[in-house]
Structure formats: structure tokens, C-alpha cells
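Peer 1: In full-length UniProt numbering, the protein residues as written are 1 to 503. Every residue gets a Cβ at the ideal spot worked out from N, C-alpha and C, and that includes glycine. Since the structure is predicted, the reported quantities are computational estimates derived from the model, not experimental observations.
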Amino acid sequence: ICVVDMMTSASSGTMQIKDPLNFWGGRRVELSDVTGLEPVYEPATGRVLCQLQPCKAAQVDEAVRSACSAFSAWRKMAGMERARVMLETARLIEKRREDIAEVEVVNNGKSITEARLDVDSARLCIEYFAGLATNMSGQHVQLPGGSFAYTRREPLGVCVGIGAWNYPFQIAAWKSAPAIACGNSMVFKPSPVTPVSAVLLAEIYAQAGVPEGLFNVVQGTQETGTLLCHHPSVAKVSFTGSVPTGKKIMEMASKGVKPVTLELGGKSPLIIFEDSDLENAVRGALMANFLSQGQVCSNGTRVFVHRPILPQFLTEVVRRTKAIQIGDPLLEETRMGALVSRPHLDKVLGYVEQAKKEGARVLCGGEPFTPADPKLRNGYYMTPCVLDNCTDDMTCVREEIFGPVMSVLTFDTEVDVLQRANDTTMGLAAGVFTKDIQRAHRVIENLQAGSCFINNYNITPVEVPFGGYKASGIGRENGQVTVEFYSQLKTVVVEMGDVDSLF
Ligand SMILES: NC(=O)c1ccc[n+]([C@@H]2O[C@H](COP(=O)([O-])OP(=O)(O)OC[C@H]3O[C@@H](n4cnc5c(N)ncnc54)[C@H](O)[C@@H]3O)[C@@H](O)[C@H]2O)c1
Ligand SMILES: C[N+](C)(C)CCCC=O
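1) Please determine if the region 261-272 and the region 240-247 are in contact, where contact requires at least 3 C-beta pairs separated by less than 8 Å.
2) I think L387 touches C396, with their Cβ atoms under 8 Å apart; what is that distance to the nearest whole Å?
3) Out of F148, A133 and H344, point me to the one whose CA is closest to Q139's CA.
4) Tell whether a beta-carbon distance below 8 Å holds between I444 and V432.
5) Under a three-way DSSP split, which group does P192 fall into?
6) For the region 288-344, which segments carrying the beta strand (DSSP E) assignment without a break, of at least 3 residues, lie completely within its bounds, in sequence order?
7) The beta strand (DSSP E) with A372 in it runs from where to where?
8) Could you tell me if the beta carbon of S176 falls within a distance shorter than 7 Å of some heavy atom in ligand 2?
9) Tell me which same chain residues have a C-beta within less than 8 Å of the C-beta of D328, skipping the five on either side of it?
10) Using only alpha-carbon positions, find the residue among R319, L278 and A78 that is nearest to H306.
11) Say the cut is 7 Å; is the CB of S300 nearer than that to a heavy atom of ligand 1?
12) Please name the residue or residues paired with H140 in a DSSP beta bridge.
13) As an exercise, report each continuous beta strand (DSSP E) stretch of at least 3 residues that is fully enclosed by the region 360-423, in chain order.
14) Which whole-angstrom value is the C-beta distance of P168 and A198, which I expect to be below 8 Å?
15) Under a three-way DSSP split, which group does I459 fall into?
16) Flag this pair as yes or no: are the beta carbons of V64 and V187 separated by less than 8 Å?
17) To the nearest angstrom, report how far apart E88 and Y205 are at their CA atoms.
18) Leaving out the 5 sequence neighbours to the left and right, which residues in its chain are closer than 7 Å to H71 when beta-carbon positions are compared?
19) Residues in the same chain with beta-carbon distance under 6 Å from L201, minus the five sequence neighbours each way, listed in chain order, please.
20) Who does residue 519 pair with in a DSSP beta bridge?
21) At what residues does the alpha helix (DSSP H) containing L132 begin and finish?
22) Compare the Cα-Cα distances from A430 to each of A421, D436 and I437 and report the closest residue.
23) With H, G and I counted as helix, E and B as strand and the rest as coil, what does DSSP make of Q16?
24) Any C-beta of chain C sitting closer than 8 Å to the C-beta of P54?
25) Tell me whether Q480 sits in a helix, a strand or coil according to DSSP, three-state version.
26) According to DSSP, is A235 part of a helix, a strand, or is it coil?
27) Starting from the Cα of I100, find the closest Cα among D120, V492, A177 and P54 and give me that residue.
28) Spell out the partners DSSP gives T261 in its beta bridges.
29) For A430, write down the residues that DSSP places opposite it in a beta bridge.
30) Short of 8 Å in beta carbon distance, which residues of its chain neighbour R96, apart from the five on each side in sequence? Order them along the chain.
31) For residue 527 and V352, what's the separation of their Cα atoms in angstroms?
32) Secondary structure at Y167, three-state DSSP: helix, strand or coil?
33) Is it the case that the region 73-83 contacts the region 209-228, given that we only count it when at least three CB pairs across the two stretches are under 8 Å?
34) Just to confirm, is the Cβ distance from D275 to T434 under 8 Å?
35) With DSSP as the reference, identify every bridge partner of E495, one or two as the case may be.
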């Protein structure tokens with residue numbers, strides 16, 4: 001069942017990926033048409049891990065047909081039966097936690113410590129939605145003369161999931177768990193940069209007993225994604241990725257009047273007031289900027305610090321940032337691994353150069369980093385960066401960098417900082433640190449963001465909805481409300497008397 005030959009589990013540069021990464025009809029599929037191969041890299045070493053076999057129209061069609069056939073069986077199963085299979089999936093994920101996490105590290109570059117937490121989040125999400133699978137209920141409405149109506153919450157059909165590269169396994173679970181809990185099937189396309197772990201989820205679902213074709217993986221780039229969005233048998237598209245791609249997805253889905261979930265990018269504010277617990281505020285700022293090498297959609301990359309505490313804040317944040325251990329992401333002690341690709345690393349370093357040109361001051365980091373271990377020399381590492389002296393008009397403050405770069409800004413009043421925090425087209429997340437509870441809730445009420453934090457940052461329990469305001473997205477993932485985004489409501493009116501015809 002395993003996709004990889006684990007020659008060692010201790011360090012990078014050794015894992016082999018040999019088995020096909022496409023999956024439908026309950027098994028891995030070796031494509032006969034293998035044109036358009038794309039190299040897939042191990043970010044920690046720069047080594048080519050395998051070649052991506054992109055799916056064309058014929059294969060997309062096969063996967064969708066497989067999903068259609070599974071949907072017919074799955075939708076008829078009782079919620080309890082669906083829940084049982086999902087709980088078994090969660091149990092198998094827990095059992096394989098370590099090898100899934102290692103695959104994620106090898107293809108994504110994040111630290112093993114973080115990858116384990118991502119696998120846990122995927123498992124918890126499947127467990128959570130297993131609980132909701134038994135609760136697909138409607139409403140009973142009394143009407144005059146003993147007549148009544150009721151509503152049924154029904155699945156949509158074949159849902160497409162399209163994922164980003166920063167949380168490959170977690171994204172596949174956050175999309176598939178609510179979809180299948182509601183009785184849908186799914187065709188999932190991972191990012192071509194990180195295609196390796198989604199197929200493990202497909203295998204585990206199959207092993208747990210879902211019908212063949214319930215969760216399928218098609219690999220590919222934007223061509224494959226486009227084919228999926230336009231496919232006439234697809235009922236919904238759930239997308240995680242950048243704002244520009246999200247707009248294209250919405251446009252394509254609109255042609256078939258298909259609902260979308262869009263989990264897009266952000267440029268989120270984190271506001272630190274002078275009465276904060278400084279130690280916690282600094283920890284929060286690091287969590288808001290450096291998880292997953294800074295490649296996190298919800299990151300609070302605009303850190304607004306109340307002027308009276310700026311010096312202490314900067315001293316402490318820089319001290320802790322410099323102490324972050326960078327290196328082989330498979331080692332236990334590593335806290336920051338490699339960025340996802342060479343072009344992405346160059347882009348992030350380019351943002352630091354641009355920030356300097358525009359007048360920001362680099363307090364630490366922002367440089368390429370070469371680990372001492374020779375096998376890591378071609379990996380995509382950089383030192384985490386804190387920028388001071390930032391102003392609202394700078395590129396580093398306006399654009400999503402998606403790397404380990406924290407921009408620190410200063411503020412004097414609550415009114416001023418709220419106006420500046422909201423001065424962005426995006427609205428994924430926001431955070432506030434203060435000991436004043438009235439202020440905390442007042443500030444949150446006035447922040448234009450879908451996922452907010454008081455005295456913490458970037459924690460996403462699966463029981464609560466996650467998603468954005470403004471250009472950061474449509475719909476939510478996780479939490480009870482997500483059932484509404486993967487189902488549709490049927491109203492049934494029942495006449496108990498005679499038909500009172502006007503004709
Ligand atoms: N809000 C969230 O929950 C969330 C989570 C993770 C990442 N993100 C965002 O994702 C972005 C980084 O990820 P990325 O670089 O993989 O994003 P991206 O938009 O480049 O790609 C995302 C996915 O879309 C596919 N795709 C690209 N063009 C397409 C097209 N025309 N039609 C169909 N599919 C297409 C890609 O192959 C990939 O699978 C960041 O902006 C980040 O903030 C958001
Ligand atoms: C779990 N995190 C760290 C909040 C990430 C959510 C997904 C966004 O990229």
C-alpha cells in the first residue's frame with residue numbers, strides 16, 4: 001500500500017517515489033499516455049523525487065465517471081454507515097501518522113514536527129465530520145389545514161477539490177471530509193508542486209471501506225484543473241490557492257452555475273497593544289509568521305505594534321527569530337525547513353530586496369541559507385526575516401509574500417490602527433493581543449477578516465469555521481456550517497386536503 005520506499009526515516013535525500021500518484025476506481029493508475037511529465041522536487045535537497053504524470057481529458061473523464069458511480073452507492077448509505085468508514089479512515093491515519101508526515105516533509109520541506117501536526121489536523125477533521133455525517137437533517141414546517149412541508153439536506157454529487165502546496169495532506173482532508181460526510185464523492189487535484197501525499201489519503205479511504213471511486217486523485221497543472229472545473233458531471237468546486245487563480249476558478253464554475261468554496265490568500269494584520277503580555281505577544285507574532293517557512297495563508301504578516309512597547313517587542317522578537325533552528329526538516333530539532341521551490345525562494349528573497357530599496361530596515365534574516373550538511377547544499381533555505389521601519393505603502397506590507405518575512409509597523413491609537421489594518425483587498429485572518437477584554441472584542445468586531453484570534457494566532461481547531469472575507473474567499477472549511485457548503489436543500493410541500501384549484 002505504501003507509495004514510497006523508506007530507505008531511512010532519519011534524514012533527507014533518501015526517499016524513493018516509485019508508484020503512480022494518480023488514483024481512481026479504488027486503485028493507483030499508471031497512465032499509458034505519459035507526455036508532459038513535470039519534475040517533482042525534494043525542497044530539502046533540491047533532488048528530483050519523481051516525475052508528475054499529468055491527467056488529460058480522457059483520464060479526468062475516467063476519474064469523474066468513477067466518482068459518479070461511487071456517489072450513487074454512497075449517497076444511499078445511512079449517515080451512521082458513512083461515519084463508521086470515516087472513523088476507520090481516521091484510525092488508519094493515526095496508525096500511519098509517521099510515514100505520512102515523512103512523505104509530506106520530503107515533498108514540501110516543512111519540519112517533521114509541523115508535518116505531524118498537519119496529519120493530526122487531517123485526522124481530527126475526518127473524525128469531526130464523521131460525527132456530523134449522522135446529522136444531515138432538515139426542518140418540519142406546519143401549514144394550514146394539517147398540511148405541512150419538510151426540508152431534506154441532500155448531497156450535491158461529484159465535488160472537485162483543488163489544492164495548494166503548503167498543506168498538501170491537510171487540504172485534501174479538509175475538503176474530502178465534509179464532502180463525503182454529506183454523501184458526495186470527490187475528485188481531488190493536488191498542487192503539481194506537492195503531488196505525493198494525497199494518494200496516501202486515497203489509499204487509506206479505500207482500505208477503510210469507502211466505495212471504489214469515492215475519493216480520487218488526478219495529478220496535473222492548470223490544464224487538468226480547468227478540465228475538472230468545466231466537466232459537466234461535476235457539481236461543485238472547492239479550491240485552495242491564490243487570489244488570481246481563485247478568480248479564474250469562479251469564472252469557470254459560473255459557466256456551469258456550480259457553487260464554489262474559495263480559500264484564498266491573505267495579508268493579515270496582527271495588532272499588539274501596550275498592555276499585552278509581551279512574552280505571549282512575541283510568541284504569537286512568531287506563530288503568525290514562521291510556521292511552514294512562512295508559507296501560510298492566514299499569516300499575520302503586518303504586525304502593528306503600539307509605539308510605547310516597540311523597542312522591547314523588537315528586541316525580543318529578533319532574539320527569538322535568530323534562535324530558530326534551520327536545517328534538515330526530517331530532524332527532530334529542526335524548527336524551519338526549506339521553502340517549497342527554487343523559484344519561490346527567489347521570489348521571497350526578491351521581496352526582501354525590494355523592501356530594503358523602499359526603506360525598510362532588516363533587523364535579522366532575509367538571506368539565503370546553506371546548511372552545513374553537504375546533501376542539503378542545493379536545498380531552498382533562507383533565514384527568517386524581521387523588517388522594521390515599514391510603512392503602509394511598501395510592497396512588503398501590501399502584497400502576500402508567502403515566506404518567512406515579518407513586517408513590523410507602529411501605531412498610536414486604536415482608531416488609526418483599525419483603519420490601517422482594514423486597508424487591504426484581502427480579509428482572511430486577523431489577531432489582537434491585549435489584556436483589556438472590552439478592547440479585544442471591540443477591535444475584533446471592527447476587523448474585516450473571517451478568522452480572528454484574541455491573544456493567540458494561527459490555531460485552527462477543526463470544530464470552528466475557517467475562511468476569509470473580501471478577496472480572501474467564499475464559504476468556510478471546518479465547523480458545522482461547512483455542511484451547508486457541501487449539500488443542498490430540498491423543500492417538500494405535503495397537501496393533506498384537496499387541491500384548491502384556481503382553474
Ligand atoms: N485560505 C486558505 O485556506 C489557503 C490555504 C493554503 C494556501 N492558500 C493560498 O494559496 C496560495 C499558494 O498556493 P499555490 O501557489 O499552490 O496557489 P495557486 O493558485 O498557484 O495554485 C493552487 C492550485 O490551483 C491549480 N491551478 C492553477 N491555475 C489553475 C487554473 N487556471 N485552473 C484550475 N486550477 C488551477 C494549481 O495547479 C494548484 O493545484 C497562497 O496565495 C495562499 O495564501 C490559501
Ligand atoms: C493550520 N494553519 C497553520 C492555520 C494553516 C491553515 C491553512 C492555511 O494555509
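Peer 2: Taking the structure as given:
1) Contact holds between the region 261-272 and the region 240-247, because three or more Cβ pairs, one in each stretch, are under 8 Å apart.
2) The beta-carbon separation of L387 and C396, rounded to 6 Å, stays under the 8 Å limit for a contact.
3) Of the candidates F148, A133 and H344, the one whose C-alpha sits nearest the C-alpha of Q139 is F148.
4) With respect to V432, I444 sits close: the two C-beta atoms are nearer than 8 Å.
5) P192: coil per DSSP, three-state reduction.
6) Unbroken beta strand (DSSP E) runs of no fewer than 3 residues, entirely contained in the region 288-344, are found at 302-306, following chain order.
7) It is not in any beta strand (DSSP E) - A372 carries neither H nor E in the DSSP assignment.
8) Answer for S176: no, Cβ out of range of ligand 2.
9) So the list reads S11, S12, A44, T334, G337, P371, D373 and L376, once near-sequence residues are dropped.
10) The candidate whose alpha carbon is nearest that of H306 is L278.
11) Note on residue identity: the sequence assigns Gly, not Ser, to residue 300. Result no, Cβ not under 7 Å from ligand 1.
12) When DSSP reads this structure, H140 sits in a beta bridge with Y150.
13) The qualifying runs are 361-364, 385-388 and 405-411.
14) A198 and P168 do touch by the CB rule: their CB atoms are close to 6 Å apart, below 8 Å.
15) Note: I459 maps to coil in three-state DSSP.
16) Result yes, Cβ atoms of V64 and V187 sit closer than 8 Å.
17) Cα to Cα, E88 sits roughly 8 Å from Y205.
18) Here residue 71 is Phe; the residue named in the question, His, does not match the sequence. Apart from the 5 residues on each side of it in sequence, F71 sits with its Cβ closer than 7 Å to the Cβ of G157, V158, N184 and S185 in its chain, given in chain order.
19) Here the set comprises A172.
20) The structure shown does not extend to residue 519, since the chain is modelled only from 1 to 503, so the question has no answer here.
21) For L132, the enclosing alpha helix (DSSP H) stretches over residues I112 to A133.
22) Looking at the Cα atoms, A421 is the closest of the given residues.
23) It is a strand residue.
24) The chain labelled as chain C is not found in the depicted structure, where only one protein chain is given.
25) Coil, per DSSP.
26) Judged by DSSP in its simplified three-state form, A235 adopts strand.
27) Looking only at D120, V492, A177 and P54, the smallest Cα-Cα distance to I100 is reached by D120.
28) DSSP lists S238 as the beta-bridge partner residues of T261.
29) DSSP lists C452 as partners of A430.
30) Closer than 8 Å at Cβ, skipping near neighbours: L200 and I204.
31) The chain is shown only over 1 to 503; residue 527 falls outside these bounds and no answer can be derived.
32) Three-state DSSP puts Y167 in coil, outside helix and strand.
33) With a cut-off of 8 Å, the region 73-83 and the region 209-228 count as touching, because enough Cβ pairs lie within range.
34) A contact, by the Cβ cut-off of 8 Å.
35) Answer is none; E495 lacks a bridge partner.
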